[in-house]
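Undergrad: I am attaching a structure below and will ask some questions about it afterwards.
Below is the structure:
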């Protein structure tokens, strides 16, 4: 066992079905499989308390035994759906802010570049929680999984407070750096939106942490349920906080114009505009974060860090940084690259920036599901490498890549004929502002036509990165992820836009080229197979027999519960 936990910590709640199969041990611990944990003796003798029974369902998926495709899809499907719901946040904001005109949409584009930059740095560290929890679980070291969960929560929370302060104070400067002109409406609106988001950024981080830890444990459904509720709250309150009770299409759709008139007469509330979108996001994120933390500490999702696990332990934090820092650097570099790309696109004018904001949200309908499947692959690879099943880990990546290719071909074929209509749905042509709405629609449609086919390569690229991260080879993932932006996309975009004289069309071609080149280079390295090693302590061994740890003062109920709830 790892020395990071005190010997009197008897929390050893095992997963329902997430470890290697062991038929002898399952037979020996039959009382656990029927849910009777009280009959299990602990290693510490008669005076040691038994492991407490779970208070709720452990929804983790067994990905280390039996057929692989079905559990991979069962694990990944909720993540993919969750990522699609994440798009729901963005598209709801884009749609309702688009009712205000082109300037507010441009403001969101500037703001998203900065918010993504700050959030990505801390959010990347949560992936360390996914990797370490998954590998410790694969090695049947469940107590260490609980400990890593608590340490990840404390460390990333402290970091979120620091990043929130920095982001709030520097918002005006940062918005200017990505191309917004100080003193203009897009700049002022972007600063207001960004500052509100940073006030509530801890809520975002807490949900990201809960999602990452649950994913590493093998439970992807619980975060999905919370995301559904959170997105519903956001979608419901968005139109009212943005538009208020005047000229709000929501009342027209439901035939409630008289109610709108009554509410406006009583309140004269015309909405908060762009700021309303930020407020709605903070409220909805806050709900998901609060419930997620309650589920985590109550033990209702399998993982259950104790309060003592929140006290920062230098050795564990170093392990989190060792695994997570390259991911944070990768995502920070990626977010910085997006900000730099936004600044380059700003050279083509606010019309191009507004179009980029819309197509960026639309493209996330494909990118985020691919990222969701990649995150499911992270867990499968992590648990199987923890269980020393290297061939199975590699096969998971191949299966995920095949699914992404098939799905993307279908989606791209459907989107092609309706490119202009899709972009136009998110922008009111009649709205006032300095941005030409029709020009925005044409630029956005051009993006779909040029970049669309390259998303097939992007999908495979992301699933390979998921497998590499799941192994703990986060420095390699950082290198490949950063190369896509900083070696290919950004330099080529600038060269084609300015010296090449191709305008915004050149930037779209640069995006497509970067996706294709990155997939080819990463694929060549991936096939070498040198990434397939785990990163947990070499001394950690799977607990397969209750006699192995007699006298160590630890309960050993891991394998006995391995298949409890397998049909959940």
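In the numbering used here, the protein residues as written are 86 to 653.
Built from N, CA and C at the ideal position, the CB exists for glycine as well.
Go ahead and label residue 454 buried or exposed: buried means 16 or more other beta carbons lie within 10 angstroms of its beta carbon, across all protein chains shown.
TA: Position 369 of the chain shown, counted from the first residue, corresponds to residue 454. Looking at its Cβ environment, which holds 16 or more other Cβ atoms inside 10 Å, residue 454 is buried.
Undergrad: Hey, which unbroken runs of the alpha helix (DSSP H) at 4 residues or more fall wholly within the stretch 216-296?
TA: The stretch 216-296 contains these whole alpha helix (DSSP H) runs: 227-262 and 270-284.
Undergrad: Report the rounded CA-to-CA distance for residue 121 versus residue 385, giving the unit in angstroms.
TA: Translated into positions along the chain shown, residue 121 becomes position 36. Translated into positions along the chain shown, residue 385 becomes position 300. Reliability fails at residue 121, whose pLDDT of 37 lies under 50, so the model's placement of it is uncertain and no value is given.
Undergrad: Return the first residue and the last residue of the alpha helix (DSSP H) that residue 403 is part of.
TA: Residue mapping note: residue 403 aligns to position 318 of the chain shown, counting from 1. 399-431 is the span of the alpha helix (DSSP H), which, as asked, contains residue 403.
Undergrad: For residue 558, which residues from the same chain have a beta carbon less than 7 Å from its beta carbon, with the 5 sequence-adjacent residues on both sides left out?
TA: Mapped onto the chain shown, residue 558 falls at position 473. The answer, listed in chain order, is 616.
Undergrad: Is the number of C-beta pairs between the stretch 439-457 and the stretch 224-243 that are closer than 8 Å three or more?
TA: Verdict: no, contact absent.
Undergrad: Pop quiz: residue 204 and residue 289 are said to be a contact at Cβ under 8 Å. What is the actual Cβ separation, rounded to whole angstroms?
TA: Start at 1 with the first residue of the chain shown, and residue 204 comes out as number 119. Start at 1 with the first residue of the chain shown, and residue 289 comes out as number 204. Their Cβ separation, rounded to whole angstroms, is 6 Å, which keeps residue 204 and residue 289 in contact under 8 Å.
Undergrad: So, residue 263 versus residue 424, is the Cβ gap smaller than 9 Å?
TA: Residue numbering aside, residue 263 sits at position 178 when the chain shown is read from its first letter. Residue numbering aside, residue 424 sits at position 339 when the chain shown is read from its first letter. Yes, Cβ-Cβ distance for residue 263 and residue 424 is below 9 Å.
Undergrad: Distance cutoff 9 Å, beta carbons only. Does residue 154 sit that close to anything in chain C?
TA: Annotation note: the requested chain C is absent from the structure, which comprises a single protein chain.
Undergrad: In the DSSP assignment, what residue or residues form a beta bridge with residue 388?
TA: Indexing the chain shown from 1 puts residue 388 at position 303. In DSSP, residue 388 forms a bridge with 386.
Undergrad: According to the Cβ coordinates, are residue 548 and residue 486 closer than 9 Å?
TA: The sequence position of residue 548 within the chain shown is 463, counting from 1. The sequence position of residue 486 within the chain shown is 401, counting from 1. Yes.
Undergrad: How is residue 344 classed by DSSP in three states: helix, strand or coil?
TA: Looking up residue 344 in the chain shown gives position 259. Helix at residue 344.
Undergrad: In its own chain, which residues sit with a C-beta less than 6 Å from the C-beta of residue 539, not counting the 5 before and 5 after it?
TA: As a working note, residue 539 is residue 454 in the chain shown. The answer, listed in chain order, is 597, 600 and 601.
Undergrad: Within the continuous alpha helix (DSSP H) that includes residue 174, where are the two ends?
TA: On the chain shown, position 89 is the one that residue 174 refers to. Unbroken alpha helix (DSSP H) run through residue 174: 154-183.
Undergrad: Relative to the alpha-carbon of residue 535, which residue among 565, 523 and 500 has its alpha-carbon at the smallest distance?
TA: Locating residue 535 in the chain shown gives position 450, where the first residue counts as 1. Among 565, 523 and 500, the Cα nearest to that of residue 535 belongs to 500.
Undergrad: Determine contact between the stretch 402-417 and the stretch 212-224, defined as no fewer than three beta-carbon pairs at a distance below 8 Å.
TA: Yes, the stretch 402-417 touches the stretch 212-224.
Undergrad: For residue 326 and residue 356, which I take to be in contact (beta-carbon distance under 8 Å), what is that distance rounded to the nearest angstrom?
TA: On the chain shown, residue 326 is found 241 positions in, with the first residue counted as 1. On the chain shown, residue 356 is found 271 positions in, with the first residue counted as 1. Correct: roughly 6 Å between the Cβ atoms.
Undergrad: Assuming residue 293 and residue 208 make a contact with CB atoms under 8 Å, what is their CB distance in whole Å?
TA: Residue mapping note: residue 293 aligns to position 208 of the chain shown, counting from 1. Residue mapping note: residue 208 aligns to position 123 of the chain shown, counting from 1. Yes, they are in contact, since the Cβ atoms of residue 293 and residue 208 sit about 5 Å apart, within 8 Å.
Undergrad: Between which two residues does the alpha helix (DSSP H) holding residue 450 run?
TA: Counting from 1 along the chain shown, the entry for residue 450 is found at position 365. Residue 450 -> alpha helix (DSSP H) spans 435-471.
Undergrad: Nearest by alpha-carbon distance to residue 429: which of 584, 167 and 152 is it?
TA: By one-based count along the chain shown, residue 429 stands at place 344. Closest by alpha carbon: 584.
Undergrad: Comparing alpha-carbon positions, which option in 371, 269 and 307 lies nearest residue 318?
TA: Residue 318 sits at position 233 when you count from the first residue of the chain shown. That would be 371, whose Cα lies nearest to the Cα of residue 318.
Undergrad: Hey, how far is the Cα of residue 224 from the Cα of residue 468?
TA: As a working note, residue 224 is residue 139 in the chain shown. As a working note, residue 468 is residue 383 in the chain shown. Computed Cα separation, rounded: 8 Å.
Undergrad: So, using beta-carbon positions, are residue 271 and residue 195 closer together than 9 Å?
TA: Here the question's residue 271 lines up with position 186 in the chain shown. Here the question's residue 195 lines up with position 110 in the chain shown. Yes. Within cutoff.
Undergrad: Rounded to whole angstroms, what's the CA-CA distance from residue 436 to residue 315? Just pull it up for me.
TA: Against the chain shown, residue 436 aligns to sequence position 351. Against the chain shown, residue 315 aligns to sequence position 230. So the alpha carbons of these two residues sit roughly 32 Å apart.
Undergrad: I'd like to know whether the C-beta atoms of residue 361 and residue 443 end up nearer to each other than 9 Å.
TA: As a position in the chain shown, residue 361 is number 276, starting the count at 1. As a position in the chain shown, residue 443 is number 358, starting the count at 1. No, they are not a contact pair.
Undergrad: Candidates 391, 163, 578 and 449: which alpha carbon is nearest residue 307's?
TA: Within the chain shown, numbered from 1, the residue matching residue 307 stands at position 222. If we check each option's Cα against that of residue 307, 163 comes out closest.
Undergrad: Please state the DSSP three-state secondary structure of residue 617.
TA: Along the chain shown, read from residue 1 onward, the residue named residue 617 stands at position 532. Reduced to three states, the DSSP call for residue 617 is coil.
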